[in-house]
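Undergrad:
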Amino acid sequence: MDKINISVLFVDDEKILCTIYEKLIGALVQTIYIAGNGQEGLDLFKKHEPDLVITDIKMPLMSGLDMTMKIKLLKPDARIIILSAYSEANYLMRAIDIGVKVFLLKPAKNEKLFTAIREQAYEILLEKNMHYEEQRRLKAEAELSHNEKMLQAVGEVAQKLLQFGYTEKVINDTLSRLGQATQVSRVYIFENYYNDNILLTKLKHEWVAEDITPQIGNPELIQVPVNGSHFKFWTDELTQKKCIYGNVRDFPPQERNVLDTMEALSVIILPIFVQDKWFGSIGFDDCMYEHTWTFSEVNTLMTAANIIGGAIQRSQIEEQLQKLNVSLEERVRVRTKYLDSEIVERKNAEMLLRQSEEKYRLIFENSNDGIFLSIKSKIQFINPRFYELTGFYPNQLVGRSFVEFIHPDDKEKVIGIYERRLNGEKVPDSYDIRIIDTNGKARWVEIKSSVIKWENKESVLTFLIDIDARKTFEKELQYLNSNLEEKVNEELKNREKQQQLFLQKSKLESLGELSAGMAHEINQPLGGLSLSLDNIIDEIEANQLTEGYLRKKIHLMFGDIERIQEIINHVRLFTREQDSNHEQIFVLSEVINKSLLLVNRLFIDHLIDLQVSIKTYRQRIQGNPYRLEQVVLNMLSNARYAVDRKYKLMGPSFQKAISIKTWTQSTNIFIEIEDNGTGIPESIINNIFDPFFTTKSEGEGTGLGLSISYGIVRDLGGIIEVKSEEGVYTKMIIILPVYSE
Numbered sequence: 000m001d002k003i004n005i006s007v008l009f010v011d012d013e014k015i016l017c018t019i020y021e022k023l024i025g026a027l028v029q030t031i032y033i034a035g036n037g038q039e040g041l042d043l044f045k046k047h048e049p050d051l052v053i054t055d056i057k058m059p060l061m062s063g064l065d066m067t068m069k070i071k072l073l074k075p076d077a078r079i080i081i082l083s084a085y086s087e088a089n090y091l092m093r094a095i096d097i098g099v100k101v102f103l104l105k106p107a108k109n110e111k112l113f114t115a116i117r118e119q120a121y122e123i124l125l126e127k128n129m130h131y132e133e134q135r136r137l138k139a140e141a142e143l144s145h146n147e148k149m150l151q152a153v154g155e156v157a158q159k160l161l162q163f164g165y166t167e168k169v170i171n172d173t174l175s176r177l178g179q180a181t182q183v184s185r186v187y188i189f190e191n192y193y194n195d196n197i198l199l200t201k202l203k204h205e206w207v208a209e210d211i212t213p214q215i216g217n218p219e220l221i222q223v224p225v226n227g228s229h230f231k232f233w234t235d236e237l238t239q240k241k242c243i244y245g246n247v248r249d250f251p252p253q254e255r256n257v258l259d260t261m262e263a264l265s266v267i268i269l270p271i272f273v274q275d276k277w278f279g280s281i282g283f284d285d286c287m288y289e290h291t292w293t294f295s296e297v298n299t300l301m302t303a304a305n306i307i308g309g310a311i312q313r314s315q316i317e318e319q320l321q322k323l324n325v326s327l328e329e330r331v332r333v334r335t336k337y338l339d340s341e342i343v344e345r346k347n348a349e350m351l352l353r354q355s356e357e358k359y360r361l362i363f364e365n366s367n368d369g370i371f372l373s374i375k376s377k378i379q380f381i382n383p384r385f386y387e388l389t390g391f392y393p394n395q396l397v398g399r400s401f402v403e404f405i406h407p408d409d410k411e412k413v414i415g416i417y418e419r420r421l422n423g424e425k426v427p428d429s430y431d432i433r434i435i436d437t438n439g440k441a442r443w444v445e446i447k448s449s450v451i452k453w454e455n456k457e458s459v460l461t462f463l464i465d466i467d468a469r470k471t472f473e474k475e476l477q478y479l480n481s482n483l484e485e486k487v488n489e490e491l492k493n494r495e496k497q498q499q500l501f502l503q504k505s506k507l508e509s510l511g512e513l514s515a516g517m518a519h520e521i522n523q524p525l526g527g528l529s530l531s532l533d534n535i536i537d538e539i540e541a542n543q544l545t546e547g548y549l550r551k552k553i554h555l556m557f558g559d560i561e562r563i564q565e566i567i568n569h570v571r572l573f574t575r576e577q578d579s580n581h582e583q584i585f586v587l588s589e590v591i592n593k594s595l596l597l598v599n600r601l602f603i604d605h606l607i608d609l610q611v612s613i614k615t616y617r618q619r620i621q622g623n624p625y626r627l628e629q630v631v632l633n634m635l636s637n638a639r640y641a642v643d644r645k646y647k648l649m650g651p652s653f654q655k656a657i658s659i660k661t662w663t664q665s666t667n668i669f670i671e672i673e674d675n676g677t678g679i680p681e682s683i684i685n686n687i688f689d690p691f692f693t694t695k696s697e698g699e700g701t702g703l704g705l706s707i708s709y710g711i712v713r714d715l716g717g718i719i720e721v722k723s724e725e726g727v728y729t730k731m732i733i734i735l736p737v738y739s740e
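Per numbering that gives the first Met the number 0, the sequence shown starts with residue 0, numbered consecutively.
1. Cα-Cα, which of Val642, Leu587 and His605 is closest to Pro624?
2. For Ala310, which residues in the same chain have their Cβ closer than 6 Å to its Cβ, ignoring the five residues on either side in sequence?
3. Could you tell me how far apart the beta carbons of Ile584 and Tyr738 are, in whole angstroms, since I believe they sit closer than 8 Å?
4. Can the beta-carbon of Val225 be found closer than 9 Å to that of Thr212?
5. Using 9 Å as the limit for Cβ to Cβ distance, is Ser658 near chain B?
6. Output the distance between the C-alpha atoms of Gly308 and Val333, rounded to the nearest integer angstrom.
7. What residue does the beta strand (DSSP E) around Met731 start on, and which one ends it?
8. Using a threshold of 9 Å, state whether the C-beta atoms of Val721 and Asn675 are closer than that.
9. Can you have a look at Leu507 and say buried or exposed, based on whether 16 or more other CB atoms are within 10 angstroms of its CB?
10. Tell me whether the beta-carbon of Trp206 lies closer than 9 Å to the beta-carbon of Asn246.
11. Note down the Cα distance separating Arg619 from Thr666, rounded to an integer number of angstroms.
12. Quick one: what's got a C-beta closer than 7 Å to Asp431's C-beta in the same chain, skipping five residues either side?
13. Where DSSP assigns a beta bridge to Gln583, which residues make up the other side?
14. Can you find a heavy atom of the ligand NAP that lies under 8 Å from the Cβ of Val630?
15. Measure the C-alpha to C-alpha separation of Ser449 and Ala157 and round it to an integer number of angstroms.
16. Could you give the uninterrupted runs of the beta strand (DSSP E) lying entirely in the segment 33-70, keeping only those of 3 residues or more?
17. Report the residue from Thr437, Ile464 and Glu454 whose alpha carbon sits nearest the alpha carbon of Lys447.
18. In chain order, what residues of the same chain have a beta carbon less than 7 Å from the beta carbon of Gln275, not counting five sequence neighbours either side?
19. Ordered along the chain, which non-local residues of its own chain (more than five positions away) have a Cβ less than 6 Å from that of Val101?
20. Quick check: the Cα distance between Asp409 and Ser429, rounded to an integer number of angstroms?
21. Once the 5 residues before and after Lys645 are set aside, which same chain residues still bring their CB inside 7 Å of it?
22. Provide the residue(s) that pair with Ala656 in DSSP beta bridges, ordered along the chain.
23. Helix, strand or coil: how does DSSP classify Pro407 here?
24. Put Lys276 into one of helix, strand or coil per three-state DSSP.
25. Taking buried to mean at least 16 other C-beta atoms within 10 Å of its own C-beta, is Ser743 buried or exposed?
26. Mapping the DSSP letters down to three states, classify Arg743 as helix, strand or coil.
27. Quick one: using the 10 Å Cβ neighbour count with 16 as the cut-off for buried, is Asn633 buried or exposed?
28. So who's on the other strand from Asp284, going by DSSP bridges?
29. Answer yes or no: do Val266 and Gly282 have a C-beta to C-beta separation smaller than 9 Å?
30. Rounded to whole angstroms, what's the CA-CA distance from Tyr616 to Val631? Just pull it up for me.
31. Residues in the same chain with beta-carbon distance under 7 Å from Tyr386, minus the five sequence neighbours each way, listed in chain order, please.
32. Using three-state DSSP, classify Asn592 as helix, strand or coil.
33. Using the beta-carbon count (16 or more within 10 Å), is Asp11 buried or exposed?
34. Can you tell me which residues form a DSSP beta bridge with Gly369?
35. Give me the Cα-Cα distance between Arg399 and Ile381, rounded to the nearest whole angstrom.
Pasting the structure below:
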């Protein structure tokens, strides 16, 4: 049987019911989400917004009715089914007030619940279908209205072009009207032309919406090869009177790269034909949204392109007729006034030439940049500023290669760029080099060059900008940055050394507190040694000492001596200054047991009930075991201090208790140390890991223990979580990654 295409959120704090109904309801509907309380259910609703919610009433954290009220605030038409064992009238009335659709009492028969779900699903799907059809109707009406506006705009454009012809103002008004009607970001016309028998196209007209970057001044769009590799497909399509449209992200990479520079998300390009020849194209860009071009839009815009083509054809014919008329009139005038016209034109040309020469001479001589012109790398002339930069007079340079005054280390770079520029390759617009002046001194300049025609010869005009002072400043800044980096490294080393001192101080403080425990652990084997010696003396005095008895006692005495040596070695290693980079693989339970060995006697003397639960006998950790032991001792010390303080406040009736537990979960290992002491006030719980922060009296603590512990755990790749209630308990949880090979 096909599942009903709805999603259901089931909320109940009974895990067994959740498991059962997850399978039963999951077999009925397409998607089901399970939550164990009202808060969790509300979070799932916010995340997934299911079609139907089935919930119990009484649950921890948040009741089902409270959750329902919050859901109704988020989505007033949300559908809710109450499934609860509480049949009191007040629950029913409240559910009705909130807007619950169905109220079922537990235990409810499955068929009854399924019937309720099917009824709600029928209404949900009906509402969805109605909403879908309504959206389709609105979309169709919007498209119809949009097409009508486009057709109206095309009609207005056609009338204006017919009345006033293809002029600059008319075509700009045309593009503006079409852009507003189509609601796009940019409308433009590319016009084809020939240059040296090569077909090119250029951006001729453009309209852009507000806040859209114009492209009319883009130099990349002035000489675009029509048959270039990037847009050969476009040329093939447009010449066949086909249009190109779609979202830019769907275009081939070489086309998409160019369109991305225009910030277009969707485009449509339509050909313009004049007298059955491909004149150019009209394009529409949407830079705000991805536009799905409908069949009606494409046809309407193709009509607009044809109308523009017709207007251009008419203007060309009118222009040709006008030129013919002018030509006929001109021939008559030329025959009678040829000489006068020639004299006037020559005088005007000479005057314009003199004005142009004077203007460029002033710019050339007064420029702040050094300028020289070269043909085949030979210098033809220089300006005064070039002399100021280099010290070379014109007669010293004219006819020589400009490479001669380039620094030897930069010559290869300059020659390579110079040759590639002449070959038409893409080269940097500007770059930095060094030149050599008449005194042999190197000077930094920024060089800019462009290829021009000079006396019908291919030449290179080069500008030199003095940047020597800037380079000096950059070098000084680099030196300052280098010194700053050294100072930062030195400060970091000092801080690391200070951190080591704090660590060692914390260890010594811990040993001071645990000295009684260590003494007790050493006294036990010492007592054994004393007892064994007494037994041997008794046997000697009784003249009953045998070799076997003596060997047995000596074996026991060596065991006690090894125990004492083990304790002393452990304390010695613990107090030794540890290298933070010294890591090893160690078993966590061994670190915990060694820590407990040092505090056990202290806790007994303080009448503390110490409960230990270690479930990580085989799990290993990578790091420094003595540093982790210091963390455990710091936290056990804080726990002891907290229960002792509470004992002073409450008296003998208070039973001091501290527990330490370890367990694993997934790839992490957990160490939990809990006490029933004074707890931590909520106002300071976020400050307890700050260095030197402490609530202890002067002389009782430095405020470094938790700060150092936090740093050690962080270096081990773990974290510390704190849970506490003032006057009730404190729970410190250390979470570390389990070592895996």
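Just so it is clear, CB atoms sit at the ideal spot from N, CA and C, and this is done for glycine as well.
TA: Straight from the coordinates:
1. Stepping through the sequence shown from its first residue, residue 624 is reached at position 625. Ranking Val642, Leu587 and His605 by Cα distance to Pro624 puts Leu587 first.
2. Reading the sequence shown from its first residue, position 311 is the one you call residue 310. Taken in chain order, the residues that qualify are Leu160 and Tyr165.
3. Taking the sequence shown and counting its residues from 1, one reaches residue 584 at position 585. Taking the sequence shown and counting its residues from 1, one reaches residue 738 at position 739. With a Cβ gap of about 6 Å, Ile584 and Tyr738 count as contacting.
4. Counting from one through the sequence shown, the residue named residue 225 turns up at place 226. Counting from one through the sequence shown, the residue named residue 212 turns up at place 213. Against a cut-off of 9 Å, the Cβ pair of Thr212 and Val225 comes out as no contact.
5. Checking the listed chains, one finds no chain B in this structure; it contains a single protein chain.
6. Along the sequence shown, read from residue 1 onward, the residue named residue 308 stands at position 309. Along the sequence shown, read from residue 1 onward, the residue named residue 333 stands at position 334. Cα to Cα, the separation comes out at about 36 Å.
7. Taking the first residue of the sequence shown as 1, we reach residue 731 at position 732. Looking at the DSSP string, the run of the beta strand (DSSP E) that includes Met731 is Tyr728 to Pro736.
8. Along the sequence shown, read from residue 1 onward, the residue named residue 721 stands at position 722. Along the sequence shown, read from residue 1 onward, the residue named residue 675 stands at position 676. Contact: no.
9. Counted from its first residue, the sequence shown places residue 507 at position 508. In this prediction, Leu507 scores a pLDDT of 48, lower than 50, which makes its location untrustworthy; the coordinate-derived value is nonetheless stated afterwards. Result: exposed.
10. Here residue 206 refers to the residue found at position 207 when the sequence shown is read from its first residue. Here residue 246 refers to the residue found at position 247 when the sequence shown is read from its first residue. Taking 9 Å as the Cβ cut-off, Trp206 and Asn246 do not qualify as a contacting pair.
11. Residue mapping note: residue 619 aligns to position 620 of the sequence shown, counting from 1. Residue mapping note: residue 666 aligns to position 667 of the sequence shown, counting from 1. Taking the straight line from one Cα to the other gives about 11 Å.
12. Here residue 431 refers to the residue found at position 432 when the sequence shown is read from its first residue. For Asp431, where only same-chain residues beyond five positions count, the Cβ hits under 7 Å are Trp443, Glu445 and Ile466.
13. As a first step, residue 583 is located in the sequence shown; it is residue number 584 there, counting from the start. For Gln583, which the question treats as bridged, DSSP gives the partners Gly622.
14. Absence of the ligand NAP from the depicted structure is noted, as is the absence of any ligand whatsoever, leaving it without description.
15. Within the sequence shown, the letter at position 450 stands for residue 449. Within the sequence shown, the letter at position 158 stands for residue 157. For Ser449 and Ala157, the distance between alpha carbons rounds to 45 Å.
16. 51-54
17. Counted from its first residue, the sequence shown places residue 447 at position 448. Scanning Thr437, Ile464 and Glu454 for the CA closest to the CA of Lys447 turns up Ile464.
18. If you number the sequence shown from 1, residue 275 lands on position 276. Inspection of the sequence shows that residue 275 is occupied by Asp rather than by Gln. Excluding sequence neighbours, Asp275 sits near nothing in its chain.
19. The count along the sequence shown starts at 1 and reaches residue 101 at position 102. Hits under 6 Å: Ile80 and Ala115.
20. If you number the sequence shown from 1, residue 409 lands on position 410. If you number the sequence shown from 1, residue 429 lands on position 430. Each residue's alpha carbon lies about 14 Å from the other.
21. Looking up residue 645 in the sequence shown gives position 646. The answer, listed in chain order, is Phe653, Gly676 and Thr677.
22. On the sequence shown, residue 656 is found 657 positions in, with the first residue counted as 1. Paired residue(s): Asp608.
23. As a working note, residue 407 is residue 408 in the sequence shown. Here Pro407 sits in helix by DSSP.
24. Residue 276 sits at position 277 when you count from the first residue of the sequence shown. DSSP places Lys276 in strand when its eight states are reduced to three.
25. Residue 743 lies beyond the range of the chain shown here (0 to 740); nothing can be said about it.
26. The displayed coordinates of the chain run from 0 to 740. Any statement about residue 743 would go beyond what the structure contains.
27. Counting from one through the sequence shown, the residue named residue 633 turns up at place 634. Answer is buried; the Cβ neighbour count reaches 16.
28. The sequence position of residue 284 within the sequence shown is 285, counting from 1. BP columns for Asp284 point to Arg185 and Val266.
29. Numbered from its first residue, the sequence shown carries residue 266 at position 267. Numbered from its first residue, the sequence shown carries residue 282 at position 283. Yes, the Cβ-Cβ distance between Val266 and Gly282 is below 9 Å.
30. Taking the first residue of the sequence shown as 1, we reach residue 616 at position 617. Taking the first residue of the sequence shown as 1, we reach residue 631 at position 632. Looking at the two C-alpha atoms, the distance is approximately 17 Å.
31. Reading the sequence shown from its first residue, position 387 is the one you call residue 386. So the qualifying residues of the chain are Tyr392.
32. In the sequence shown, the residue the question calls residue 592 occupies position 593. It is helical.
33. The sequence position of residue 11 within the sequence shown is 12, counting from 1. Looking at its Cβ environment, which holds 16 or more other Cβ atoms inside 10 Å, Asp11 is buried.
34. Your numbering for residue 369 matches position 370 in the sequence shown. Gly369 pairs with Leu463.
35. Position 400 of the sequence shown, counting from 1, holds the residue named residue 399. Position 382 of the sequence shown, counting from 1, holds the residue named residue 381. If you take the alpha carbons of Arg399 and Ile381, they lie about 12 Å apart.
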